[in-house]
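2 protein chains.
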Amino acid sequence: MGAREGTAIRVVLADDECLIRDALAAILGCEPDIRVVGEATTGAEAVAVVREKRPDVVLMDVRMPEINGIRATEQVLATMEEPPRVLVVTTFEHDSYVFEALRAGAAGFLLKRASPEELVGAVRLVARGDSLLFPAAVRDLAARHVRPPAGADPVIARLTEREREVLRLMARGLNNSEIADRLSVGAETVKTHVAGLLAKLRARDRTQAVIAAYERGFVRPR
Amino acid sequence: MGAREGTAIRVVLADDECLIRDALAAILGCEPDIRVVGEATTGAEAVAVVREKRPDVVLMDVRMPEINGIRATEQVLATMEEPPRVLVVTTFEHDSYVFEALRAGAAGFLLKRASPEELVGAVRLVARGDSLLFPAAVRDLAARHVRPPAGADPVIARLTEREREVLRLMARGLNNSEIADRLSVGAETVKTHVAGLLAKLRARDRTQAVIAAYERGFVRPR
DNA sequence: ATCCGCCTCCCCCGCGTGGGGGAGCGTGCC
DNA sequence: GGCACGCTCCCCCACGCGGGGGAGGCGGAT
Chain A
1 MGAREGTAIR
11 VVLADDECLI
21 RDALAAILGC
31 EPDIRVVGEA
41 TTGAEAVAVV
51 REKRPDVVLM
61 DVRMPEINGI
71 RATEQVLATM
81 EEPPRVLVVT
91 TFEHDSYVFE
101 ALRAGAAGFL
111 LKRASPEELV
121 GAVRLVARGD
131 SLLFPAAVRD
141 LAARHVRPPA
151 GADPVIARLT
161 EREREVLRLM
171 ARGLNNSEIA
181 DRLSVGAETV
191 KTHVAGLLAK
201 LRARDRTQAV
211 IAAYERGFVR
221 PR
Chain B
1 MGAREGTAIR
11 VVLADDECLI
21 RDALAAILGC
31 EPDIRVVGEA
41 TTGAEAVAVV
51 REKRPDVVLM
61 DVRMPEINGI
71 RATEQVLATM
81 EEPPRVLVVT
91 TFEHDSYVFE
101 ALRAGAAGFL
111 LKRASPEELV
121 GAVRLVARGD
131 SLLFPAAVRD
141 LAARHVRPPA
151 GADPVIARLT
161 EREREVLRLM
171 ARGLNNSEIA
181 DRLSVGAETV
191 KTHVAGLLAK
201 LRARDRTQAV
211 IAAYERGFVR
221 PR
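Protein chains in written order, with UniProt numbering: chain A, 1 to 222; chain B, 1 to 222.
1. Output the distance between the C-alpha atoms of Val166 (chain A) and Leu167 (chain B), rounded to the nearest integer angstrom.
2. What is the rounded straight-line gap between the Cα of Ala195 (chain A) and the Cα of Ala209 (chain A)?
3. Tell me which residues share the same chain as Gly105 (chain A) and place their Cβ nearer than 6 angstroms to its Cβ, disregarding the 5 neighbours each side in the sequence.
4. Going along chain A in order, which residues have a C-beta closer than 7 angstroms to the C-beta of Gln208 (chain B)?
5. My guess is that Ala122 (chain B) and Val58 (chain B) are in contact by the Cβ rule of under 8 angstroms, so how many angstroms apart are they, rounded?
6. Starting from Arg51 (chain B) and walking both ways along the alpha helix (DSSP H), at which residues does that stretch end?
7. For Pro148 (chain A), which residues of its own chain have a beta-carbon under 8 angstroms away from its beta-carbon, when the five flanking residues on both sides are left out?
8. Helix, strand or coil: which one does DSSP assign to Gly69 (chain B)?
9. Report all residues from its chain with a CB closer than 6 angstroms to the CB of Leu197 (chain B); omit the five preceding and five following residues, and keep chain order.
10. Assuming Leu28 (chain A) and Val49 (chain A) form a contact by the criterion Cβ under 8 angstroms, report the distance between their Cβ atoms to the nearest whole angstrom.
11. Verify the CB distance criterion: does Ile179 (chain B) have a CB-CB separation below 7 angstroms to chain A?
12. Measuring only between beta-carbons, confirm whether Glu52 (chain A) sits less than 7 angstroms from chain B.
13. In chain B, which residues lie less than 8 angstroms from Ile211 (chain A) when you measure between Cβ atoms?
14. Answer yes or no: do residue 223 (chain B) and Ile70 (chain B) have a C-beta to C-beta separation smaller than 7 angstroms?
15. Taking DSSP as the reference, what is the three-state secondary structure of Arg216 (chain A)?
16. From Ala72 (chain B) to Lys53 (chain A), what distance separates their C-alpha atoms?
17. DSSP state of Ala107 (chain B), grouped into three classes?
18. Using beta-carbon positions only, say whether Thr207 (chain A) and Thr189 (chain B) come within less than 7 angstroms of one another.
19. Using a Cβ-Cβ cut-off of 8 angstroms (strictly less than) and excluding sequence neighbours within five positions of Asn68 (chain A), which residues of its own chain qualify?
20. What would DSSP say about Ala114 (chain A), mapped onto helix, strand or coil?
21. Which residue wins for smallest C-alpha separation from Leu19 (chain A), given the options A:Glu39, A:Glu31, A:Thr7 and A:Cys30?
22. CB-CB under 6 angstroms to Ala187 (chain A), same chain, minus the five flanking residues each way: which ones, in chain order?
23. Please list the terminal residues of the continuous beta strand (DSSP E) segment that includes Gly129 (chain A).
24. So, helix, strand or coil for Glu161 (chain A), using DSSP?
25. Please state whether DSSP places Met80 (chain B) in a helix, a strand or coil.
26. What's the gap between the Cα of Leu174 (chain B) and the Cα of Ala101 (chain A)?
27. Taking DSSP as the reference, what is the three-state secondary structure of Arg85 (chain A)?
28. Apply the 10 Å Cβ neighbour rule to Met80 (chain A) and answer buried if 16 or more other Cβ atoms are within range, or exposed otherwise.
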């Protein structure tokens, strides 16, 4: 899969800004082992062009008319038998798209301010089957898996220590009496804490509270 | 941060196998801009050496005596003020350590069978502040964020379509009557589905069911 | 010393929830 | 045709849960 030995790496460029496309084409065109075989200015067009040209690599901009680059990536990867490696390109590294790009199955993530050398390096890398990310991307990903430094969430921070304790146990599926046993307090006490929790989390019932615990990263799956 | 201009990139190698260390040292030693300033054979030793030598980059093996590379990475990054960039090295790319390495804050993930060029390239890359991953790593990560292809989980798979629908809404905090409205069915019907859900998920109440939904990746935070 | 927040425990009350049944209806399988 | 299964709806009932109060002790802030 990817580029066959001895053949040029076939690349499709998808970006709504003509300037960017030209710049990318110019940089990649200088490389003997890379050939730009198609261009697209919208997400929909990108899907069509990629389907037709069957490139090894797609440089996909995130922000494009009609369909954005993420969706286009999804569609390409979902519908093609031997999909190309998609390299998602964007302007801002703090972009939350980083994450979605990976979800969509992108092979890598590249910043527009990358140097020409980095660009061609990245194209060769993904064509070989490797993947790459830029630092912000990794930080982004890592951040999603490391629990926020003990209550970065303002709402969670407003909970008392005891309430957090109760919430943790609630999120493990314990009912009030079990929590009471675990904390060695009366069942009535637990109810009070639960009531406090619900109010502060704006939750109607314990189920919504547990959902909030997950959504705010207070507890996490796995 | 990282390597200052004009200075060599200072690298510490941590691997319990002497052969590997020597090989890495030999490869990196040939590069004028890279200097191996320390080596370690255990996780604990790695932490100590890194703290003392303050390198720009650490090549950290995953499997090491006493403390594994992941833990060592965590400790280094958590305790040092200007921590080095950690490049986690392993033998198998399907290793689940990939994920944990990122959690721990590693800048990149490298396979031992990488070519010498890739190795030095990777070291320079992370020293500059970039990060890199190999394809399996990205796939691994992506897999954690894409919901398993419509019920990879056997328990979830045993649910009927309607039950999954109800579970989704339950996990969004809706109560039975709200779910009934949303699905345009009677409240009694919802109760039946909920009962089925609870039995199949071995959940005592809806809260435990929602927890199961999160834990099994049926729904996910954010 | 006073106030306030937190933890603890108690009361009553309404209702949502879950458990136990049963039943009709359509679909697909054997 | 018989059968299983999923979806729909209904009954009654027990209980956990959440809402509304109140109350005492304890520590820190002012």
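The beta-carbon is built from N, C-alpha and C at its ideal position, and this holds for glycine as well.
Taking the geometry as given:
1. Spanning the two alpha carbons is a distance of roughly 24 angstroms.
2. 10 angstroms
3. Leu77
4. Gly173
5. Ala122 (chain B) to Val58 (chain B), Cβ: 12 angstroms. No contact.
6. Gly43 to Lys53
7. Note that Pro148 (chain A) scores a pLDDT of 42, beneath 50, so its modelled location is shaky; the value from the coordinates is reported in the next line. Correct list, in chain order: Gly217.
8. helix
9. Non-local C-beta neighbours of Leu197 (chain B) in its own chain, meaning closer than 6 angstroms and more than five positions away in sequence, comprise Glu163, Leu167 and Ala209, ordered along the chain.
10. Incorrect: roughly 16 angstroms between the Cβ atoms, too far for contact.
11. No, Ile179 (chain B) lies away from the interface with chain A (no Cβ there is under 7 angstroms from its Cβ).
12. Judged by the 7 angstroms Cβ criterion, Glu52 (chain A) is not in contact with chain B.
13. Ala171, Arg172, Gly173 and Val210
14. Since the displayed chain B opens at 1 and closes at 222, residue 223 (chain B) lies outside it and no answer follows.
15. coil
16. Cα to Cα, Ala72 (chain B) sits roughly 47 angstroms from Lys53 (chain A).
17. coil
18. no
19. Taken in chain order, the residues that qualify are Gly43 and Val62.
20. coil
21. A:Glu39
22. Asn176, Ser177 and Ala180
23. Element bounds for Gly129 (chain A): n/a, residue is neither H nor E.
24. DSSP, read as helix, strand or coil, puts Glu161 (chain A) in helix.
25. coil
26. 30 angstroms
27. strand
28. exposed
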